[in-house]
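Colleague:
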Amino acid sequence: MIYTVNNELRTTILDDGTAEEKLAEILILMNDKTFGQREAASIVGGRGRLYRLIESGKIRTDKPTNKQNGKWFCNASDVLRHAVVIYRKPRKIKRNEKANNKRATA
253 MIYTVNNELR TTILDDGTAE EKLAEILILM NDKTFGQREA ASIVGGRGRL YRLIESGKIR
313 TDKPTNKQNG KWFCNASDVL RHAVVIYRKP RKIKRNEKAN NKRATA
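So in this note's numbering, the last spot in the sequence shown is 358, and the numbers never skip.
(1) What does DSSP give as the partner residue(s) for E327 in the beta ladder?
(2) So for V337, helix, strand or coil by DSSP?
(3) Pick out whichever of K319, I295, Q320 has its Cα sitting closest to the Cα of S329.
(4) Hey, how far is the Cα of D284 from the Cα of N327?
(5) Please work out which residues of its chain come closer than 7 Å, Cβ to Cβ, to V336, disregarding the five sequence neighbours upstream and downstream, and give them in chain order.
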């Protein structure tokens, strides 16, 4: 669908409803789902940011076992609400790694 806002052409890929409505539906559906700590950290932009969001009460968590290595369960709706896109540069290959790769394949 093509529409104008402030004399600016915009397009959407959604045919039935706006993006806000679709996002609200996704968050409602994901409210009873959970992510593990590592997956949630990768979605929100890192472990430090995840800890800050948990401490501030923006992400609900549950740790059913009171053990040191017990798995955390983070609410999927809260995690998706605070998701960020991180663009990373591709890793540079060192000269020694190129030589090692050639030796490994030969």
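We put the CB at the ideal spot given by N, CA and C, even for glycine.
Modeller: Here's the rundown:
(1) This sequence places Asn at residue 327; Glu is not what is there. Answer by DSSP bridge pairing, in chain order: T286.
(2) Of the three classes helix, strand and coil, the one that applies to V337 here is coil, per DSSP.
(3) Comparing Cα-Cα distances from S329 to each of K319, I295, Q320, the minimum goes to I295.
(4) Roughly 7 Å between the two C-alpha positions.
(5) V296, G297, listed in sequence order.
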